[in-house]
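> Submitted below is the structure of interest, expressed as structure tokens.
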Amino acid sequence: MSPRQELADEGAVNAPGVVGRGVFQAPYTAMTWGIVLSVGLVAFESMGVATVLPKIAGALGGLDAYGWGFSALMLANLIGTVAAGRSADRRGPARPLGIGLAVFAAGCALAGAAPNWPVFLAGRFVQGLGVGAVMALAYTVIGLHYPEHLRARMFALVSGAWTVPSLAGPAVAGLIAEHVHWRGVFILLLPLILLAWAMAVPPLARRGHPDPPADDAASDAWWHGPVARGILVSAGTAVLLGGLQFTDLAVLLPLALLGSVAAVLGLRTVLPTGTLRGRRGVPTGVLIRFLLCGAYFGSEAFLPLGLTELRGLSTTEAGLGLSAGAIAWVLGAAWQGRADDRWSGRSRALPIAVGCAILAAGVAVIAAGILIDAVPALVAVVGWAVGGVGMGIAFNAATTDAMEQAPADRQGEASGAMQLAQTLATAVLTGFGGAAIALAHAHDAATATALTATFALTTALAVLGVAAAHRIRPRA
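Each residue of the sequence shown is one higher than the last, beginning at 5 in the working numbering.
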């Protein structure tokens with residue numbers, strides 16, 4: 005860490021009265037609001053666009069390539085996450101966060117002004133680069149610039165900053181599209197992105213940055229750098245997800261295998277060493293993030309489908325399940341953030357394991373509510389509230405513990421790896437679930453069969469999280 009950073013941190017954390025201050029008090033006020041607003045805007049855009057995307061695709065002639073409206077953002081997210089995390093370790097988070105917000109704004113402007121579907125997809129790709137950077141750097145900033153006793157609360161706040169706008173985003177975006185224009189969903193965010201930049205970036209720039217890692221490879225050829233590795237992960241994931249769109253196993257299996265191999269080769273170089281083996285410490289924190297997000301988002305994606313198609317609930321009633329899970333996630337994260345002082349300095353294996361177990365129970369309950377006719381359908385909504393509490397507890401505890409262990413000059417790498425694991429898990433598990441449904445229909449099997457396999461897989465991921473929790477810290 006540079007002398008400037010050490011002095012800044014020492015002066016900020018050890019000044020009289022600072023230790024007892026909260027995240028919205030000086031010297032953190034502007035930085036906290038900037039991070040919260042940045043994450044909230046990303047969440048609003050991610051969820052709000054999902055509501056108006058059918059209208060956009062119809063207006064721009066993109067219905068035949070509708071799925072790419074989501075995939076373009078997700079695949080770029082992987083690249084932005086890796087590039088921003090490594091850049092933060094070299095130069096500090098101020099510059100890459102500023103660039104990430106600027107790229108996100110450029111993507112919004114391009115998508116909002118798009119005359120046709122290809123240009124709109126280009127805008128979504130640019131947005132994704134910015135989204136990946138903002139989400140990775142939010143965790144980096146917390147790990148570098150907040151004292152230990154405030155980090156769990158900030159991680160909980162970031163969870164809330166993502167989840168609450170996710171609830172309001174669809175409704176607000178729908179109102180904008182209906183009463184203004186769908187382009188307003190993108191264009192009206194631009195001044196708010198500028199505000200987020202003004203609140204977050206200048207305070208970070210004044211705090212300095214850590215020295216780059218000793219093994220930093222800034223002089224390597226670009227194809228050995230993080231952007232190239234992120235592109236390899238993104239390309240491999242794209243091939244894997246593309247292969248999962250086919251129902252012919254002779255096409256599906258080779259493409260899925262090719263994509264998986266390419267993605268794993270890329271992951272081996274962008275994730276902390278030992279992540280794929282579950283090595284103790286930060287690598288296990290990244291692995292737990294993958295397991296949690298695969299279990300949670302892989303289940304959540306098919307909750308509305310199961311409730312509407314198999315149990316006959318209305319779309320509004322099915323939406324209650326998503327809302328219940330999101331609100332419960334915030335509550336679980338808030339509880340863990342307040343209770344985190346008791347775990348400071350030692351392993352959070354217990355809350356992680358308990359949270360994963362509660363999440364597994366929640367998935368089992370929603371599966372019962374969807375797949376067993378004798379169980380009232382709304383039990384699934386209650387079950388997903390249970391799952392949300394577990395997710396909030398485990399997600400927050402695992403993130404706090406992993407970032408606490410990451411060295412100052414590796415905070416960007418660690419936060420980027422966790423964000424990459426989250427994005428990858430969400431994409432792969434929803435892709436597998438969709439493929440299961442398509443294969444079931446192609447072979448005259450019921451949707452219930454595909455959902456049974458999907459929920460069994462996501463439950464297993466949560467159970468694996470319980471088993472991995474004890475590895476969150478190296479052996480004493």
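All residues carry an ideal CB built from backbone N, CA and C; glycine is no exception. Remember, predicted model here, so these are calculated numbers, not experimental data.
Just to confirm, are Gly-247 and Leu-236 a CB contact at a threshold of 7 Å?
The answer is no: Cβ separation not under 7 Å.
> For a minimum of 4 consecutive residues, which ranges assigned as the alpha helix (DSSP H) are wholly contained in the stretch 300-388?
Runs found: 319-343 and 353-375.
> To the nearest angstrom, how far is it from the Cα of Asn-81 to the Cα of Ala-381?
So the two alpha carbons sit approximately 35 Å from each other.
> Is there a Cβ of chain B sitting closer than 7 Å to that of Gly-329, yes or no?
Although the question refers to chain B, the structure presented lacks it and comprises just one protein chain.
> Quick one: grab the DSSP three-state call for Ser-6.
Because the pLDDT at Ser-6 is just 40, under 50, the model does not fix this residue reliably, and the value given afterwards should be weighed accordingly. Coil, per DSSP.
> Kindly indicate which three-state DSSP category Gln-415 falls into: helix, strand or coil?
Gln-415 falls in the helix class under three-state DSSP.
> Nearest to Leu-354 by CA position, among Leu-257, Thr-427 and Ala-471, is which residue?
Comparing Cα positions, the closest option is Ala-471.
> For Trp-121, name the three-state secondary structure that DSSP assigns.
If DSSP states are grouped into helix, strand and coil, Trp-121 belongs with the helices.
> Is DSSP giving Ile-197 helix, strand or coil here?
Looking at Ile-197 - three-state DSSP - the assignment turns out to be helix.
> For the alpha helix (DSSP H) that contains Thr-456, what are its first and last residues?
Note, Thr-456: alpha helix (DSSP H), 451-472.
> Determine the extent of the alpha helix (DSSP H) in which Thr-85 is found, giving its start and end residues.
Start and end: 72-95.
> Using the C-alpha atoms, what's the distance from Ile-39 back to Glu-313?
Near 39 Å, if we compare the C-alpha coordinates of Ile-39 and Glu-313.
> Would you tell me roughly how many angstroms separate the C-alpha atoms of Gly-316 and Leu-253, rounded to the nearest one?
In a straight line, the C-alpha of Gly-316 is about 31 Å away from that of Leu-253.
> Assess, as a yes-or-no matter, whether the stretch 49-57 is touched by the stretch 160-174 under the definition of 3 or more beta carbon pairs within less than 8 Å.
Result yes; three or more Cβ-Cβ pairs closer than 8 Å.
> To which residues of the same chain is Phe-294 closer than 6 Å at the C-beta, ignoring the five residues directly before and after it?
Same-chain partners within the cutoff: Ala-425 and Ala-429.
> According to the neighbour-count rule (16 or more other Cβ atoms, all chains shown, within 10 Å of its Cβ), is Ala-204 buried or exposed?
The residue in question, Ala-204, is buried, as its Cβ has 16 or more Cβ neighbours within 10 Å.
> Is the beta carbon of Arg-352 sitting closer than 7 Å to the one on Ala-401?
For Arg-352 and Ala-401, yes; Cβs fall inside 7 Å.
> So does the stretch 120-140 actually touch the stretch 269-285, counting three or more Cβ pairs closer than 8 Å?
Flag = no, the stretch 120-140 and the stretch 269-285 do not touch.
> Output the distance between the C-alpha atoms of Val-176 and His-183, rounded to the nearest integer angstrom.
So the alpha carbons of these two residues sit roughly 11 Å apart.
> For Gly-65, count the other beta carbons within 10 Å of its own beta carbon; 16 or more makes it buried, fewer makes it exposed. Which is it?
With fewer than 16 other Cβ atoms within 10 Å, it is exposed.
> Would you please state the rounded distance, in angstroms, between the beta carbons of Ala-76 and Arg-128? I believe it to be under 8 Å.
About 4 Å separates the two Cβ atoms, so the contact holds.
> As an exercise, report each continuous alpha helix (DSSP H) stretch of at least 4 residues that is fully enclosed by the stretch 168-194, in chain order.
For the stretch 168-194, whole alpha helix (DSSP H) runs of length 4 or above, ordered along the chain, are 188-191.
> Measure the beta-carbon distance from Ala-137 to Val-107 and round it to whole angstroms, keeping in mind my assumption that it falls under 8 Å.
Correct: roughly 7 Å between the Cβ atoms.
> Less than 7 Å separating the beta-carbons of Ile-397 and Gly-336?
Yes, they are a contact pair.
> What three-state label does DSSP hand Gln-29 in the structure shown?
Here Gln-29 sits in coil by DSSP.
> With DSSP run on the structure shown, which of helix, strand or coil describes Asp-490?
Since the first residue of the chain shown is 5 and the last is 480, residue 490 is not available in this structure.
> Roughly how many angstroms lie between the CA atoms of Thr-404 and Val-390, to the nearest whole one?
Distance between the alpha carbons of Thr-404 and Val-390 is about 22 Å.
> If you check the beta carbons only, do Ala-431 and Met-78 fall under 7 Å apart?
Cβ atoms of Ala-431 and Met-78: closer than 7 Å.
> Between the alpha carbons of Leu-199 and Leu-291, how many angstroms are there, rounded?
If you take the alpha carbons of Leu-199 and Leu-291, they lie about 34 Å apart.
> Please classify Ala-117 as buried or exposed, where buried requires at least 16 neighbouring CB atoms within 10 angstroms.
Exposed is the call here.
> Between the stretch 453-467 and the stretch 434-441, do three or more beta carbon pairs fall short of 8 Å?
Cβ pair count under 8 Å is three or more, so yes.
> Taking C-beta to C-beta, are Gly-89 and Ser-419 nearer than 7 Å?
Going by C-beta atoms, Gly-89 is nearer than 7 Å to Ser-419.
> With a 10 Å radius around its C-beta and 16 neighbouring C-beta atoms as the bar for buried, classify Phe-149 as buried or exposed.
The amino acid at residue 149 is misidentified as Phe; the sequence shows His. So His-149 counts as buried.
> Going by the CB atoms, is the gap between Val-286 and Gln-423 shorter than 7 Å?
No, Cβ-Cβ distance for Gln-423 and Val-286 is not below 7 Å.
> With distances taken from CA atoms, which of Ala-442, Ala-384, Leu-433 and Gly-111 is nearest Phe-190?
The candidate whose alpha carbon is nearest that of Phe-190 is Gly-111.
> By Cβ distance, which residues of its chain are closer than 6 Å to Ser-238, with the 5 residues on each side in sequence left out?
Contacts found: Leu-79, Leu-82 and Ile-83.
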